[in-house]
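Reviewing the structure listed below.
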Amino acid sequence: MDDVSFLLNDLNDAQREAVTLPVDTHALVLAGAGSGKTRVLVHRIGWLVEALGVSPYNILAVTFTNKAASEMRGRAFDLIGGKAEGLTLGTFHGIAYRLLRQHWQEAGLPQNFQVIDSDDQKRLLKRLLRDLELDEQQWPMRQVQSFINGNKEEGLRAAHIDPQHNPFVETLLRVYRAYEQQCQQNGLVDFAELLLRAHELWLKNPRLLAHYQQRFQHILVDEFQDTNALQYAWLRVLAGGTGRLFVVGDDDQSIYGWRGARVEHVHRFSDDFADVRLIRLEQNYRSTATILKAANTLIAHNSGRMGKNLWTAGEQGAPIRIYRAFNELEEADFVVRQVERWLERGGSRDDVAVLYRSNAQSRVLEQALLRAGIPYRVYGGLRFYERAEIKDVLAYLRLLLNRDDDASFDRVINNPPRGIGARTLETLRAEALAQGVSLWQAAQRLLAAGRLAARAAGAVQGFLDLIDQLAADTADMPLDQQVMTVISRSGLQTHLEKDEHKSEQAQSKLENLDELINAAAQFRPGEDAADETPLQAFLNQAAFEAGEHQAAQWESCVQLMTLHAAKGLEFPLVIMTGLEEGLFPSQQSIDDPARLEEERRLAYVGITRAREELVMTWCEKRRWHGQERFPLPSRFLSELPPDCVEEIRPKASVRPAGALGGGFGAGGCKSGLQKVGAPPFSIGDRVLHGRFGEGIVIGLEGDGPQARVQVHFDEHGSKWLMLAVAKLEKL
Ligand code: ATP
Ligand code: MG
Numbered sequence: 001m002d003d004v005s006f007l008l009n010d011l012n013d014a015q016r017e018a019v020t021l022p023v024d025t026h027a028l029v030l031a032g033a034g035s036g037k038t039r040v041l042v043h044r045i046g047w048l049v050e051a052l053g054v055s056p057y058n059i060l061a062v063t064f065t066n067k068a069a070s071e072m073r074g075r076a077f078d079l080i081g082g083k084a085e086g087l088t089l090g091t092f093h094g095i096a097y098r099l100l101r102q103h104w105q106e107a108g109l110p111q112n113f114q115v116i117d118s119d120d121q122k123r124l125l126k127r128l129l130r131d132l133e134l135d136e137q138q139w140p141m142r143q144v145q146s147f148i149n150g151n152k153e154e155g156l157r158a159a160h161i162d163p164q165h166n167p168f169v170e171t172l173l174r175v176y177r178a179y180e181q182q183c184q185q186n187g188l189v190d191f192a193e194l195l196l197r198a199h200e201l202w203l204k205n206p207r208l209l210a211h212y213q214q215r216f217q218h219i220l221v222d223e224f225q226d227t228n229a230l231q232y233a234w235l236r237v238l239a240g241g242t243g244r245l246f247v248v249g250d251d252d253q254s255i256y257g258w259r260g261a262r263v264e265h266v267h268r269f270s271d272d273f274a275d276v277r278l279i280r281l282e283q284n285y286r287s288t289a290t291i292l293k294a295a296n297t298l299i300a301h302n303s304g305r306m307g308k309n310l311w312t313a314g315e316q317g318a319p320i321r322i323y324r325a326f327n328e329l330e331e332a333d334f335v336v337r338q339v340e341r342w343l344e345r346g347g348s349r350d351d352v353a354v355l356y357r358s359n360a361q362s363r364v365l366e367q368a369l370l371r372a373g374i375p376y377r378v379y380g381g382l383r384f385y386e387r388a389e390i391k392d393v394l395a396y397l398r399l400l401l402n403r404d405d406d407a408s409f410d411r412v413i414n415n416p417p418r419g420i421g422a423r424t425l426e427t428l429r430a431e432a433l434a435q436g437v438s439l440w441q442a443a444q445r446l447l448a449a450g451r452l453a454a455r456a457a458g459a460v461q462g463f464l465d466l467i468d469q470l471a472a473d474t475a476d477m478p479l480d481q482q483v484m485t486v487i488s489r490s491g492l493q494t495h496l497e498k499d500e501h502k503s504e505q506a507q508s509k510l511e512n513l514d515e516l517i518n519a520a521a522q523f524r525p526g527e528d529a530a531d532e533t534p535l536q537a538f539l540n541q542a543a544f545e546a547g548e549h550q551a552a553q554w555e556s557c558v559q560l561m562t563l564h565a566a567k568g569l570e571f572p573l574v575i576m577t578g579l580e581e582g583l584f585p586s587q588q589s590i591d592d593p594a595r596l597e598e599e600r601r602l603a604y605v606g607i608t609r610a611r612e613e614l615v616m617t618w619c620e621k622r623r624w625h626g627q628e629r630f631p632l633p634s635r636f637l638s639e640l641p642p643d644c645v646e647e648i649r650p651k652a653s654v655r656p657a658g659a660l661g662g663g664f665g666a667g668g669c670k671s672g673l674q675k676v677g678a679p680p681f682s683i684g685d686r687v688l689h690g691r692f693g694e695g696i697v698i699g700l701e702g703d704g705p706q707a708r709v710q711v712h713f714d715e716h717g718s719k720w721l722m723l724a725v726a727k728l729e730k731l
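Residues 1 to 731 (UniProt numbering) make up the sequence shown, in order.
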């Protein structure tokens with residue numbers, strides 16, 4: 001045996017035991033966050049190859065996201081060099097895709113099959129609904145989509161489903177069948193299909209299965225707690241011969257229950273496979289003792305855990321700072337100040353992650369970072385103004401201003417669906433091209449000349465009328481009402497609300513729409529926008545923010561992401577925002593104990609991403625779903641051990657009127673409240689400044705000539721001003 005000590009040197013005893021297990025057992029490494037599960041998995045690969053002489057060709061490693069896969073490949077490369085190239089390593093979907101490419105014939109696919117994403121799938125389904133003469137109002141797209149995908153994820157094809165004379169299911173089945181047929185005919189494969197086909201590939205081709213069972217003697221799986229039924233079945237079949245599974249996971253980090261992931265697999269694993277060696281890792285290497293204690297204390301509020309004890313030899317570290325912001329704008333400013341503080345102390349932007357529960361929260365944060373000139377990247381998602389549902393609304397608004405805006409016309413004429421088919425659109429485009437006019441004008445001409453079929457003509461006329469009517473009705477409204485009216489009367493909102501399954505995706509889109517209304521309510525045109533209407537100025541600003549490029553790949557930048565997307569990652573400084581009842585935990589989870597526990601696991605995931613410092617924020621007031629709310633602080637805050645946290649808030653002498661402080665830590669501020677003798681302003685006052693324009697008072701500090709006031713200006717963000725010199729006028 002070559003010298004393989006390098007594979008074991010930086011491992012503790014339990015980790016070493018896991019890495020060096022004999023080859024003929026299955027293993028389940030069950031351990032809390034930051035205990036080195038992923039490290040153990042990579043070292044196990046190294047051990048198999050370097051110490052036991054296993055060929056990389058015989059190893060399959062599965063992770064959860066593409067980013068995790070590329071990190072794992074990098075780590076494997078560091079350990080075993082070029083041999084890492086021979087490994088089969090990727091996500092479930094990626095691996096299934098490669099298998100199908102190689103065995104397209106056995107899988108019953110054409111050689112040039114194409115993978116379609118969720119949008120492509122939707123378009124195809126729309127067409128089928130029309131062919132089947134099903135009304136999309138009655139059979140909302142999202143419902144159809146989740147019926148098909150949900151069943152596929154359970155391994156069920158249309159032929160496997162018994163509708164039991166339920167006419168509702170019978171109809172959905174008809175669509176499913178037609179969809180299967182269409183995909184087969186055109187060689188299209190959706191995401192769920194990738195896994196289902198790969199699974200069927202095994203079942204239908206015993207020889208091929210035997211080949212892969214023989215080949216993949218060693219199957220390693222990271223984040224095992226989040227595998228869904230089909231993925232688990234796939235692993236079972238593959239390892240059914242002599243293959244050995246080495247899976248690592250943490251039941252406390254199971255956060256994809258809503259997507260069909262089953263934490264029970266962790267429990268079932270020992271029953272389904274003989275000779276499973278269970279290894280627990282208990283030492284955390286990631287976080288400070290304070291952060292770890294907070295995470296442990298929080299998650300102890302869940303029931304039915306497998307239970308584990310995490311400890312660290314690391315430093316105590318700084319307390320977790322909990323910031324109670326006045327509102328979401330001020331929260332974002334605080335986040336910016338935290339980043340700046342980190343940078344001033346020599347940290348790098350890459351070190352910082354800003355996490356949030358809901359995608360819609362990113363808008364205000366993005367805006368504050370943009371304004372402060374701090375490069376950032378929204379990870380695992382689009383920036384606010386690039387999101388499809390936002391672009392849809394903006395396209396309507398643009399059309400109101402300019403009927404000849406072809407791009408906007410094209411985007412929304414049949415969105416939400418109003419029965420205007422591809423053929424009608426083709427006719428419109430051809431006419432516009434031939435006559436050199438806009439699509440809008442082409443539509444008018446074709447209608448006037450009676451050159452559209454009756455059904456199409458009705459639908460197109462309806463659309464033109466809708467836009468004209470909306471323009472007339474909203475002309476005198478304040479901006480936020482304009483936006484709100486367009487969202488509701490365009491049908492976009494209803495379209496998303498109809499999603500009966502209340503899919504997380506549709507919910508998140510609705511939240512984004514509400515957030516757009518908030519953006520409109522908070523919007524103040526800049527000085528150079530004098531000749532524009534507020535709507536014009538707003539649209540220009542949105543275009544500007546969408547066009548602003550994300551930080552380049554190589555550029556160091558702050559990372560913004562949802563808590564879900566942060567799984568498996570780690571950062572020296574983590575800022576978790578929006579810790580409010582109704583947001584995190586989410587409103588839907590509050591009355592459902594199982595979902596509430598999943599939210600708590602999500603909080604556990606968030607906290608345990610932090611290595612050195614953790615900051616958590618919540619707002620006394622938040623515009624959410626288009627309304628001003630005064631949320632209570634998240635219960636997760638009060639579940640943290642008091643000796644691990646430090647509460648901070650704006651240095652205020654006056655509590656904002658109307659703000660419900662909630663039960664959390666009133667009076668626990670350590671930031672030294674300073675009394676000001678009858679300040680001329682109170683927090684929450686609207687003020688006007690000669691240069692910075694209008695703003696809202698968010699902090700007061702000091703006395704007499706030293707007195708300072710902090711104002712969040714609508715356009716210039718927050719600034720501290722000396723009361724004695726700043727000419728502030730109360731509005
Ligand atoms: P998560 O549950 O969040 O996925 P994990 O259990 O996979 O976490 P890793 O990411 O493997 O944990 O490890 C957490 C951190 O601790 C990493 O920075 C890793 O390099 C470090 N680490 C793990 N084991 C050791 C060790 N024995 N000595 C020093 N550092 C270690
Ligand atoms: Mg990990």
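Glycine included, C-beta positions come from ideal geometry on N, C-alpha and C.
Using a Cβ-based criterion (distance less than 8 Å to any ligand heavy atom), does residue i qualify as near the ligand ATP?
{"i": "Ala300", "result": "no"}
{"i": "Thr608", "result": "yes"}
{"i": "Tyr323", "result": "no"}
{"i": "Arg73", "result": "no"}
{"i": "Glu570", "result": "yes"}
{"i": "Val248", "result": "yes"}
{"i": "Gln253", "result": "yes"}
{"i": "Lys567", "result": "yes"}
Assuming residue i and residue j are in contact, meaning their beta carbons sit under 8 Å apart, how far apart are those beta carbons, in whole angstroms?
{"i": "Met484", "j": "Ile517", "result": "5 Å"}
{"i": "Ala158", "j": "Glu180", "result": "6 Å"}
{"i": "Asp24", "j": "Arg215", "result": "Actually they are not in contact, since the Cβ atoms of Asp24 and Arg215 sit about 17 Å apart, beyond 8 Å."}
{"i": "Glu504", "j": "Ala360", "result": "13 Å between Cβ atoms; not a contact."}
{"i": "Asn228", "j": "Glu597", "result": "Incorrect: roughly 19 Å between the Cβ atoms, too far for contact."}
{"i": "Phe636", "j": "Leu329", "result": "Contact flag wrong, Cβ pair sits at about 23 Å."}
{"i": "Leu470", "j": "Leu560", "result": "Wrong, their Cβ atoms sit about 33 Å apart, outside the cutoff."}
Among the candidates the options, whose CA atom is the shortest distance from the CA of residue i?
{"i": "Glu340", "options": "Ala313, Ala368 and Ser358", "result": "Ala368"}
{"i": "His267", "options": "Met306, Val558, Lys621 and Gln587", "result": "Met306"}
{"i": "Phe326", "options": "Glu136, Lys37, Ile413 and Leu700", "result": "Leu700"}
{"i": "Phe681", "options": "Ile648, His716 and Lys727", "result": "Lys727"}
{"i": "Arg622", "options": "Ala537, Gln522, Val711 and Gly693", "result": "Gln522"}
{"i": "Gly304", "options": "Glu264, Ile607, Val709 and Arg418", "result": "Glu264"}
{"i": "Tyr604", "options": "His564, Ser408 and Ala506", "result": "His564"}
{"i": "Pro416", "options": "Thr533, Leu492 and Val393", "result": "Leu492"}
{"i": "Glu200", "options": "Gln105, His218 and Ser287", "result": "Gln105"}
{"i": "Thr533", "options": "Arg371, Gln145 and Arg398", "result": "Arg398"}
{"i": "Arg451", "options": "Gln435, Trp440 and Thr427", "result": "Thr427"}
{"i": "Arg286", "options": "His689, Gly419 and Pro572", "result": "Pro572"}
{"i": "Gly626", "options": "Gln482, Thr474 and Asp252", "result": "Gln482"}
Is residue i close to the ligand MG? I mean its beta-carbon at under 8 Å from any heavy atom of the ligand.
{"i": "Val605", "result": "no"}
{"i": "Gln599", "result": "The amino acid occupying residue 599 in the given sequence is Glu; Gln does not appear at that position. Glu599 Cβ: outside cutoff for every heavy atom of the ligand MG."}
{"i": "Thr297", "result": "no"}
{"i": "Gly458", "result": "no"}
{"i": "Glu17", "result": "no"}
{"i": "Lys37", "result": "yes"}
Considering only DSSP beta bridges, list what residue i is partnered with.
{"i": "Phe246", "result": "Ala27 and Leu220"}
{"i": "Thr91", "result": "Thr63"}
{"i": "Cys619", "result": "Ala325"}
{"i": "Gln710", "result": "Gly699 and Trp720"}
{"i": "Gln627", "result": "Trp624"}
Tell me whether the beta-carbon of residue i lies closer than 9 Å to the beta-carbon of residue j.
{"i": "Trp139", "j": "Ala198", "result": "no"}
{"i": "Ala295", "j": "Val645", "result": "no"}
{"i": "Leu278", "j": "Leu41", "result": "no"}
{"i": "Ser490", "j": "Tyr396", "result": "yes"}
{"i": "Lys152", "j": "Leu195", "result": "yes"}
{"i": "Gly34", "j": "Thr63", "result": "no"}
{"i": "Asp410", "j": "Leu425", "result": "yes"}
{"i": "Val189", "j": "Phe92", "result": "no"}
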